[in-house]
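Data first, discussion second: the structure below is written as structure tokens.
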Amino acid sequence: MFADEQYRFSRTGWETKANWNALGAGHSDPGLLKAAVDNQTAQVINTLLRRIVVYQFHNTSDTARIRGPWSANDSRRLMEDAANVAPVLYRLKSRERR
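With the numbering used here applied, the sequence shown corresponds to residues 2 to 99, in that order.
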């Protein structure tokens with residue numbers, strides 16, 4: 002249940018801040034999804050939020066994928082369960098500039 006839902010976008014360096022777009026309260030589904038149908042700012046914010054990845058490193062049991070073997074070539078992006086954390090860290094250490 003949403004207690005309050007609002008969105009806005011203001012460019013860095015602008016003297017004035019954009020006004021908040023209120024989407025109300027008391028609803029269980031995000032109002033941003035409805036607003037994104039015809040509002041470009043809501044569309045951009047919705048797109049950015051959908052790109053967020055949640056990483057869960059809490060499973061370190063003997064059967065966790067983080068403990069298994071992984072190809073050193075699979076290091077472009079960290080997987081959500083950190084299964085390829087060793088190849089990613091190796092790539093960062095050996096190839097990325099400091």
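From the three backbone atoms N, C-alpha and C, an ideal C-beta is built for every residue, glycine too.
What did DSSP end up calling residue i once you bin it into helix, strand or coil?
{"i": "Ala43", "result": "helix"}
{"i": "Gly25", "result": "strand"}
{"i": "Tyr8", "result": "strand"}
{"i": "Tyr91", "result": "helix"}
{"i": "Gly32", "result": "helix"}
{"i": "Val38", "result": "coil"}
{"i": "Arg96", "result": "helix"}
Is residue i close to chain B, meaning its C-beta is less than 8 Å from at least one C-beta of that chain?
{"i": "Arg12", "result": "Going by chain labels, chain B is absent from the structure shown, which holds only one protein chain."}
Relative to the alpha-carbon of residue i, which residue among the options has its alpha-carbon at the smallest distance?
{"i": "Phe3", "options": "Gly27, Gly14, Arg51, Arg9", "result": "Gly27"}
{"i": "Thr17", "options": "Arg9, Leu93, Leu49", "result": "Arg9"}
{"i": "Arg102", "options": "Gln41, Leu79, Leu34", "result": "The chain is shown only over 2 to 99; residue 102 falls outside these bounds and no answer can be derived."}
{"i": "Leu79", "options": "Asn22, Val55, Ala19, Ser95", "result": "Val55"}
In chain order, what residues of the same chain have a beta carbon less than 6 Å from the beta carbon of residue i, not counting five sequence neighbours either side?
{"i": "Gln44", "result": "Ala37"}
{"i": "Arg66", "result": "Asp82, Ala84"}
{"i": "Pro70", "result": "none"}
{"i": "Arg92", "result": "Ser76"}
Quick one: what's got a C-beta closer than 7 Å to residue i's C-beta in the same chain, skipping five residues either side?
{"i": "Asp5", "result": "Ala26"}
Does any heavy atom of the ligand MG sit closer than 7 Å to the C-beta of residue i?
{"i": "Ser72", "result": "Within the structure as shown, the ligand MG is missing, as the structure has no ligands at all."}
In chain order, which continuous runs of the beta strand (DSSP E) of length 3 or greater are located wholly inside the segment 46-72? none
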